[in-house]
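Notes follow the structure.
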Amino acid sequence: MSPATVPADVDEESDQELLTGRARHEDLAERLLEPLWSTPRWMKPALIVTFAMTLMLVGAVLYTMVSGIGVWGNRIPVVWAFAITNFVWWIGIGHAGTFISAFLLLLEQKWRASINRFAEAMTIFAVMQAALFPLLHLGRPWYFYWLVPYPSTMSIWPQFRSALTWDVAAISTYFTVSVLFWYLGLVPDFAVARDRAPTKARRLVYGVFALGWRGSASGWMRYRTVYALLAGVAAPLVVSVHSIVSMDFATAQLPGWHSEIFPPFFVAGAILSGLAMVFLLMLPVRRLYRLEEVITVRHLDMLARFTLVTSCIVGYSYAAEAYNAAYGGDVFEMSQIFSTRARGPFAWAFWGTIVCNVLAPQILWLRRARRSAPFLFALSFAVQVGMWVERFLIIVASQSRDFLPSSFRTYTPSFIDGTILVGTLGCFLFLMLLFIRYVPFIPIREVQRLQRSLAEERSA
Amino acid sequence: MTLPEARWMARFATERDLLDAIPIVRRAGATDVDAATPVESDAVLDSLEIRRSRIPTAAFFAAVGLGVGAWWIEWWTRNESFPSDVGARPNVSSWADLPIVFESTVLGVAVSSFVLLLVALRLPRLRHPWFAVAQFGADDACWLAWAEPHASSSRHADLAAELAALGATTILPVLPDDAEPDAVENGAGSSL
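Chains as they are written, first to last, in the working numbering: chain D, 504 to 963; chain X, 551 to 742.
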């Protein structure tokens, strides 16, 4: 074998791994539509359980609205606690979808095709959960429209110099762009479902959502232009949203918050937790729907590599935060990082964060680990816990021990805090289940395009 | 015998057959030539000589408009309508304006390009003459659509024969929106 033939063979082999079996278009479209036409046995109990959890969330939210946020565990000096921890965590989870979908589209990474729809849906549902927390935190959420610059009789406007107002613009833009990007990607697949639906009612419903898409050449040309345009604008949003969220903290003078590294640190952490959530949701669905031919081991490998990279960036950020505290010489900052967090009452969270987010993902250097679905599932669970605890650490530890020792207080969450967190998890899963049941969750046309492209490469 | 303008669709099993048929239909004097393919195809776009979309240009202006509008609101509310001293921060602070201007610009691109796409494709539209053509969309076949303005019946028959030789499995008339769809299903078209 000549040296020149080696990379070509390797490339061909790795590309083939993106799709296995099912060579013809027809088979693939029919295969990917199957989940829409039948309800698996596990779906009903799963929907009932997650719906019950959603009702729990509704109850806890109503109780909070009626009683006020005093029913939470927030007490001076810890005024941002569980709710803002949950908010940052959910927003972070919402990052992987657009990252996978937009960034990888712009970089022409073929392996995004099988998983992007799933990740985009995850983004939208996660941002919906995230938005709940700052709204409730307003105290009087029914006045949320005060955050929008509408012409009021008192001429009172939102404070545009506040990072909290930037949050409103960033999150609402991110949500809108994510929904448009997701829905635009779905239109051709809704048309496939419309054209092949077994009943008239389904043809009608999918027909409405397909908007009349017919796959004309001129339609495809404009569609691709707009899809690329949306990907182009969604990509910087991935960076901007969590950067702006990080400024909620970084612009404050509090020890542990006032740090220049926060924007890139938050973005890397967000993508890490988002990738972990993709694994947590995708692996069971891949198994239950027997989608190993479409979501192949190669996909797991590529996602695991991204997880490893973002974990290393997060690890670097932890080290830089500690280094900056030591090099800056500010006693309060040093006390926060080296005493309160590393050895104080929050040591469990600090070391748990290091183990879950930095040390455990290092196993992904091993190829076998990157290709093992059970291992990736377990690791993703650990990362997800680690990322939540990291946000808890940043938010709660910094407030509980700031400049004045006489005002140091510990924090204990209330039952309602826990109920809302569990409830948002249930609501998120409930929406994901509905999505899996009624929406083509693997992009049919994208995968067919990939299939054709791989076939052309092989024949060339 | 000369016919009034008629619209037709031909079904091809593969994109290769479709590509071969496009110049034939063009040469026969057909107008409004379009194709429907399951996935986008650069070769089909090139063959049909479809012009680049102007949506990005329009979206650019919409984005700039929204960005400038957001910046103006920020400036006006702070400097003209209700100046206030918050933590001794300057009222005129372009750095503090940037995040919302950026987000508004991005929102402008996204919403305008999506709306312009719907306008350009005349969507949403639940009924379309193509949907009434038998077998359209039922599988992953490719379709060629064209109009024959005032073609004679013999010329149409020649073209149909030529397309059949190129692999067209069916050639069917496309009836206007208000026509009875049953006419197609009852064999008004010519199955080849």
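Cβ coordinates follow ideal geometry from the N, Cα and C atoms, glycine included.
Name the DSSP beta bridge partners of residue i, please?
i: X/Met-559; result: X/Ala-695, X/Leu-722
i: X/Thr-581; result: X/Ala-697
i: D/Arg-717; result: DSSP, once it has assigned bridges, lists no residue as partnering D/Arg-717.
i: D/Val-967; result: Because residue 967 of chain D is not part of the residues shown, which for chain D are 504 to 963, the question remains open.
i: X/Ala-586; result: D/Ser-719, X/Trp-693
Once DSSP output is grouped into helix, strand and coil, what is the label at residue i?
i: X/Ser-591; result: coil
i: D/Glu-520; result: coil
i: D/Ser-658; result: coil
i: X/His-678; result: coil
i: X/Val-621; result: Looking at the sequence shown, residue 621 of chain X is not Val but Trp. Helix.
i: D/Phe-590; result: helix
i: X/Gly-615; result: helix
i: D/His-761; result: coil
i: D/Pro-538; result: helix
i: D/Gln-865; result: helix
i: D/Leu-607; result: helix
i: D/Tyr-792; result: coil
i: D/Phe-446; result: With chain D running from 504 to 963 in the structure shown, residue 446 of chain D is simply not present.
i: D/Ala-756; result: According to the sequence provided, residue 756 of chain D is Gln. The question's Ala does not apply to it. Note: D/Gln-756 maps to coil in three-state DSSP.
i: X/Ile-600; result: coil
i: D/Ser-956; result: helix
i: X/Thr-564; result: coil
i: X/Leu-673; result: coil
i: D/Pro-739; result: helix
i: D/Phe-880; result: helix
i: X/Arg-639; result: coil
i: D/Pro-767; result: helix
i: D/Phe-1034; result: The first residue shown for chain D is 504 and the last is 963, placing residue 1034 of chain D beyond what the model contains.
i: D/Phe-841; result: helix
i: X/Ala-608; result: helix
Determine the chain D residues that contact residue i at a beta-carbon separation under 7 Å, and present them in chain order.
i: X/Ala-560; result: Chain D residues near X/Ala-560: none, gap ~14 Å exceeds 7 Å.
i: X/Trp-680; result: Arg-717
i: X/Ile-623; result: Pro-652
Could you tell me the boundaries of the alpha helix (DSSP H) in which residue i lies?
i: X/Ser-631; result: No alpha helix (DSSP H) contains X/Ser-631, which DSSP labels as neither H nor E.
i: D/Val-561; result: 546 to 570
i: D/Gln-815; result: According to the sequence provided, residue 815 of chain D is Cys. The question's Gln does not apply to it. Where D/Cys-815 is concerned, the enclosing alpha helix (DSSP H) stretches over 800 to 831.
i: D/His-598; result: 598 to 601
i: D/Pro-701; result: No alpha helix (DSSP H) contains D/Pro-701, which DSSP labels as neither H nor E.
i: X/Pro-649; result: 644 to 670
i: D/Trp-614; result: From DSSP, D/Trp-614 is part of no alpha helix (DSSP H); its letter is neither H nor E.
i: D/Glu-836; result: 834 to 837
i: D/Ala-872; result: 870 to 873
Can you name the residues of chain X whose CB is closer than 8 Å to the CB of residue i?
i: D/Trp-540; result: Simply none; closest approach about 15 Å.
i: D/Leu-687; result: Phe-664, Leu-667
i: D/Arg-725; result: Ser-603, Ile-605, Leu-667, Ala-670, Leu-671
i: D/Leu-683; result: Ala-660, Val-661, Phe-664
i: D/Arg-952; result: Val-589, Glu-590
i: D/Ala-704; result: Result: empty, since nearest Cβ-Cβ is about 14 Å, beyond 8 Å.
Just the chain X side, please: which residues come within less than 9 Å of residue i by C-beta, in chain order?
i: D/Ala-958; result: The premise fails here: D/Ala-958 is roughly 12 Å from chain X at the closest Cβ pair, so nothing lies under 9 Å.
i: D/Thr-626; result: Within chain X, no residue comes near D/Thr-626; the closest Cβ sits about 14 Å away, beyond 9 Å.
i: D/Leu-610; result: Near D/Leu-610 there are no residues of chain X at all, since even the closest Cβ is about 19 Å away, more than 9 Å.
i: D/Gly-710; result: Leu-676, Phe-681
i: D/Trp-868; result: By Cβ distance, chain X contributes nothing, its closest Cβ being about 36 Å from D/Trp-868, past 9 Å.
i: D/Ser-743; result: Pro-649, Phe-652, Glu-653, Val-656
i: D/Arg-904; result: The contacting residues do not exist; D/Arg-904 stays about 24 Å from chain X at best.
So is the beta-carbon of residue i under 7 Å away from any non-hydrogen atom of the ligand COA?
i: D/Val-591; result: Inclusion of the ligand COA in the displayed structure is not the case, the ligand content being empty and no account of it being possible.
Kindly list, in the order they appear in chain D, the residues whose Cβ is closer than 9 Å to that of residue i.
i: X/Glu-599; result: Under the 9 Å cutoff, chain D gives no residues; its nearest Cβ is about 10 Å from X/Glu-599.
i: X/Gly-687; result: Ala-694, Val-695, Arg-697, Asp-698, Arg-699, Arg-717, Gly-718
Going along chain X in order, which residues have a C-beta closer than 7 Å to the C-beta of residue i?
i: D/Leu-740; result: Val-656
i: D/Val-729; result: Ile-605, Ser-663, Phe-664, Leu-667
i: D/Thr-601; result: Per Cβ cutoff of 7 Å: no residues; D/Thr-601 is ~12 Å from chain X at best.
i: D/Ile-659; result: Phe-632
i: D/Ile-747; result: Pro-649
i: D/Arg-955; result: Val-589
i: D/Gln-865; result: Within chain X, no residue comes near D/Gln-865; the closest Cβ sits about 35 Å away, beyond 7 Å.
Which bits of chain D does residue i rub up against, with CB to CB less than 8 Å?
i: X/Phe-611; result: Under the 8 Å cutoff, chain D gives no residues; its nearest Cβ is about 13 Å from X/Phe-611.
i: X/Ser-644; result: Result: empty, since nearest Cβ-Cβ is about 11 Å, beyond 8 Å.
i: X/Leu-716; result: Near X/Leu-716 there are no residues of chain D at all, since even the closest Cβ is about 18 Å away, more than 8 Å.
4-residue-minimum alpha helix (DSSP H) runs that sit fully inside the segment 640 to 688 of chain D, ordered along the chain = none
Would you mind listing the alpha helix (DSSP H) stretches within the segment 895 to 953 of chain D that are 4+ residues and don't spill past its ends, in chain order?
-> 918 to 941
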